[in-house]
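A.B. asks: Chains as they are written, first to last, in the numbering used here: chain A, 5 to 400; chain B, 5 to 400. Dropping the structure in here first, questions after.
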């Protein structure tokens, strides 16, 4: 195994650097994931070049992205949608449409290619429920109506974001601008999502009795991994992204996740693989692209991402008062791993340029950093008097 | 991610084939791992060529081997050694020495290179405690003295096997046959093992309070992974195998494993990675090497592996009667993943030829298949009358 030297070296040091930066960020009450990305930027190939990931690491990062989205799906409990269903759906819909339109419009105005504009816009859509849930949980206001609307909307948001990504990739890979073709492709993506949403959980329910008769140990986890990898592969086969399949695979198992104890075990796999993904994320970011023009654009894109989400998500609940609208709007602002993965998919497909990729990472960072302090401010009135801030928990 | 097609394809199909064969083997009451290896032989590059793993898969298989040995270490509870300590130690020592001598002698007589002979002999040493524990547990005779001696000896056996592997690799990589150098290298390997055995758990104990103050979520798992990867890398750096470091890392955390709930989470990572390891194991086995001469050799090596273990482990307990000696001897016969990994390390270092690699896999298969029925026969007298065979549990 001495030939394995460089690989083991990278494996060890990437994990250590990512976790070291993650720990520092946690202590500063910042999202750990931003720390892991920063580690890739600073010690990776465009930084100090202490660790330069090779293909094998990028392969592991790719599996990391698949398991990340699988876990996101697994945590998307359909029952969360029922409590404040309709309101959350409207919030999610407007909160997906407005950022997409703003992002697409700005990128097109900036004379970026249409395909790239669509991709960046798709990356601006996905809300990270983890950030909001953490802040709300720490403040003990998870039971309030705005909080429940946020959590429900974030779930719809994930599903809508995945459908949107499917449509964008489908349209781009057909490289046709005819409306008929565009409509067919969009319907395909939506069809895949609908089948996954309604049919896949039923398949899981059907195989459930068989699972318990299987001889293989940990059969539920094994079958979940098989379906996760299988749907990822299927998604790529029909011209979408692997993560879309992984997300819907997680969703299909969400109902049985507590019973089969899937989440902690998927999380353990994640815990090992995800740092390689976030590190590679940063390692692919060439800091040299940040000239003055790009910095201005990055600030504009971040502002657009912030306000379009705030307004898009706030409007549908404005009838409940501007305070509720503000709370829901701000709570939906943080973007997360889904947006990052969308940008990476674009980069790998050579549709997103390194500078547009940098825009997305910058936008994700700023929205994630800005929203939590604002949320603390506006949710303060709802917090119980004997508030004990239980800090020091993981963010994403 | 469309460029990822072949990788995702391999990822999905290798996992599915490995688990499919594993399930069939389980249903036939055979070790699942042999099924996973067979999958690699039959559908891999030397078989039907349905899936041909590329470098990225072999990298994942390598991480699989590291986590496999980490889990073996994690399950090696030092307290298991205390109950029947001295007897188990003697059983393990003689059970390591005799197979090594027999294996080395035969391979040398067969005019294989000395280095290769040493490697094959080292692969003949390691007992798989999983097989024996499963059979004994199913028969409800785990409480008997022979059973406790077997389990204790298997633990010593793992440690001794790792030290032996370290010495063999150390000696080979120095490529010197001078006795002085050989002694120094052996002492280095033993020194590494001693430091790991006695110092590493103390380090873990020392960092324990700090761990609970860390901000990173799942800090114990993260630190365990860091130390596992770090010691694997360190072991390679000083000229040993990565798995030796991983094994001792597991051993260092064994004491705290229940408290930090490490085992189920390491197992979940294993559950995903190990099939790639066992499949690759089979995929590297060129069935064409099995000519008549090699088949004869394979049968001789298997017989040597069987009887040398039986006699080596039986002799130290002969004073307790030949029945006890037989029980302990047969219980120590099955070889397992450790021997397989040793063979693979040799193959990767170009020290073990494809035909010697085939010998080791054949030997592992036969000892694993032959021992359980024999154990059932000779342990029958100890089984409680109302024996209910709880079959259908995972073997290794």
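Beta carbons are placed, not taken as given, at the ideal position from N, Cα and C, and that holds for glycine.
Does the structure place the stretch 320-334 of chain B close enough to the stretch 34-43 of chain B that three or more beta carbon pairs sit under 8 Å?
C.D. replies: No: fewer than three Cβ pairs fall under 8 Å.
A.B. asks: Reducing DSSP to helix, strand and coil, say where residue 339 of chain B ends up.
C.D. replies: The answer is strand: DSSP assigns residue 339 of chain B an E or B state.
A.B. asks: Is residue 392 of chain B helix, strand or coil when you go by DSSP?
C.D. replies: Low per-residue confidence applies at residue 392 of chain B: pLDDT is 45, beneath 50, and the placement is therefore not dependable enough to give any value.
A.B. asks: Enumerate in chain order the residues of its own chain whose CB-to-CB distance from residue 394 of chain B is below 7 Å, with the five nearest sequence positions on each side excluded.
C.D. replies: Confidence in residue 394 of chain B is poor, its pLDDT being 44 and thus under 50, which makes the residue's placement too unreliable to answer from.
A.B. asks: Does any C-beta atom of chain B lie closer than 8 Å to the C-beta of residue 216 of chain A?
C.D. replies: Taking Cβ atoms only, chain B never reaches closer than 8 Å to residue 216 of chain A, which makes this a no.
A.B. asks: Please confirm whether residue 237 of chain B has its beta-carbon closer than 8 Å to some beta-carbon of chain A.
C.D. replies: Yes, its Cβ sits closer than 8 Å to a Cβ of chain A.
A.B. asks: Please classify residue 11 of chain A: is it buried, with 16 or more other beta-carbons within 10 angstroms of its beta-carbon, or exposed?
C.D. replies: Looking at its Cβ environment, which holds 16 or more other Cβ atoms inside 10 Å, residue 11 of chain A is buried.
A.B. asks: What whole-angstrom Cβ distance do residue 301 of chain A and residue 363 of chain A have, given they're in contact under 8 Å?
C.D. replies: Contact holds; Cβ gap of about 6 Å.
A.B. asks: Taking just the CA atoms, how far does residue 137 of chain B sit from residue 385 of chain B?
C.D. replies: Approximately 17 Å, taken between the alpha carbons.
A.B. asks: Verify the CB distance criterion: does residue 132 of chain A have a CB-CB separation below 8 Å to chain B?
C.D. replies: No, because no Cβ of chain B sits closer than 8 Å to the Cβ of residue 132 of chain A.
A.B. asks: Helix, strand or coil, according to DSSP, for residue 148 of chain B in the structure here?
C.D. replies: It is coil, neither helix nor strand.
A.B. asks: DSSP three-state call for residue 371 of chain B: helix, strand or coil?
C.D. replies: Helix, per DSSP.
A.B. asks: So what's residue 131 of chain A in DSSP terms, helix, strand or just coil?
C.D. replies: If DSSP states are grouped into helix, strand and coil, residue 131 of chain A belongs with the strands.
A.B. asks: Note down the Cα distance separating residue 349 of chain B from residue 196 of chain B, rounded to an integer number of angstroms.
C.D. replies: In a straight line, the C-alpha of residue 349 of chain B is about 19 Å away from that of residue 196 of chain B.
A.B. asks: Just curious, the alpha helix (DSSP H) that residue 114 of chain B is in, first and last residue?
C.D. replies: From DSSP, residue 114 of chain B is part of no alpha helix (DSSP H); its letter is neither H nor E.
A.B. asks: Looking at residue 21 of chain B and residue 280 of chain B, is the spacing between their C-beta atoms short of 8 Å?
C.D. replies: Cβ atoms of residue 280 of chain B and residue 21 of chain B: not closer than 8 Å.
A.B. asks: Using the Cβ count rule (16 or more neighbours within 10 Å means buried), how would you classify residue 52 of chain B?
C.D. replies: Under this definition residue 52 of chain B is an exposed residue.
A.B. asks: Comparing alpha-carbon positions, which option in A/379, A/75, A/318 lies nearest residue 94 of chain A?
C.D. replies: Among A/379, A/75, A/318, the Cα nearest to that of residue 94 of chain A belongs to A/318.
A.B. asks: Please compile the residues from chain A whose C-beta is within a distance smaller than 7 Å of the C-beta of residue 31 of chain B.
C.D. replies: What residue 31 of chain B touches in chain A: 219.
A.B. asks: Nearest-angstrom Cα distance between residue 167 of chain A and residue 46 of chain B?
C.D. replies: Taking the straight line from one Cα to the other gives about 39 Å.
A.B. asks: Kindly indicate the opening and closing residues of the alpha helix (DSSP H) around residue 315 of chain A.
C.D. replies: Residue 315 of chain A -> alpha helix (DSSP H) spans 296-318.
A.B. asks: In the stretch 252-269 of chain B, which residues sit with their C-beta less than 8 Å from some C-beta in chain A, listed in chain order?
C.D. replies: Within the stretch 252-269 of chain B, the residues whose Cβ lies closer than 8 Å to some Cβ of chain A are 268, 269, listed in chain order.
A.B. asks: Verify whether the separation of the beta carbon atoms of residue 246 of chain A and residue 231 of chain A is less than 8 Å.
C.D. replies: Against a cut-off of 8 Å, the Cβ pair of residue 231 of chain A and residue 246 of chain A comes out as no contact.
A.B. asks: Given residue 150 of chain A, which residues of its chain have a CB within under 6 Å of its CB, disregarding the five upstream and five downstream residues?
C.D. replies: Around residue 150 of chain A: 328, 331, 332.
A.B. asks: For the pair the stretch 302-317 of chain A and the stretch 93-107 of chain A, tell me if three or more CB-CB distances fall below 8 Å.
C.D. replies: A contact exists between the stretch 302-317 of chain A and the stretch 93-107 of chain A.
A.B. asks: Give a yes or no on whether the C-beta atoms belonging to residue 118 of chain B and residue 170 of chain B are separated by under 8 Å.
C.D. replies: No, the Cβ-Cβ distance between residue 118 of chain B and residue 170 of chain B is not below 8 Å.
A.B. asks: Quick check on DSSP: helix, strand or coil for residue 399 of chain A?
C.D. replies: In this prediction, residue 399 of chain A has a pLDDT of 37, which is less than 50 and means its spatial position is unreliable; what the coordinates show is noted afterwards. Coil.
A.B. asks: Could you tell me whether any non-hydrogen atom of the ligand FAD is closer than 7 Å to the CB of residue 242 of chain A?
C.D. replies: The ligand content of the structure shown is nil, which means the ligand FAD is not present either.
A.B. asks: With DSSP collapsed to three states, give me the class of residue 64 of chain A.
C.D. replies: Of the three classes helix, strand and coil, the one that applies to residue 64 of chain A here is helix, per DSSP.
A.B. asks: Using CA coordinates, which residue listed in A/250, A/227, A/228 is at the minimum distance from residue 237 of chain A?
C.D. replies: For residue 237 of chain A, the nearest C-alpha among the options comes from A/250.
A.B. asks: Mapping the DSSP letters down to three states, classify residue 262 of chain A as helix, strand or coil.
C.D. replies: Helix at residue 262 of chain A.
A.B. asks: Taking 8 Å as the threshold (C-beta atoms), are residue 359 of chain A and residue 298 of chain A in contact?
C.D. replies: In this structure, residue 359 of chain A lies closer than 8 Å to residue 298 of chain A by Cβ.
A.B. asks: One question on the structure: do residue 48 of chain A and residue 286 of chain A come within less than 8 Å of each other, judged by their Cβ atoms?
C.D. replies: Yes.
A.B. asks: Interface residues of chain B around residue 229 of chain A at Cβ under 8 Å?
C.D. replies: The answer, in chain order, is 19, 275, 276.
A.B. asks: Indicate whether at least one CB of chain A lies closer than 8 Å to the CB of residue 76 of chain B.
C.D. replies: For residue 76 of chain B, the answer is no, since every Cβ of chain A falls outside 8 Å of its Cβ.
A.B. asks: Just to check my reading of the structure: residue 128 of chain B and residue 340 of chain B have Cβ atoms closer than 8 Å, yes? What is that Cβ distance to the nearest angstrom?
C.D. replies: That pair is no contact at about 12 Å.
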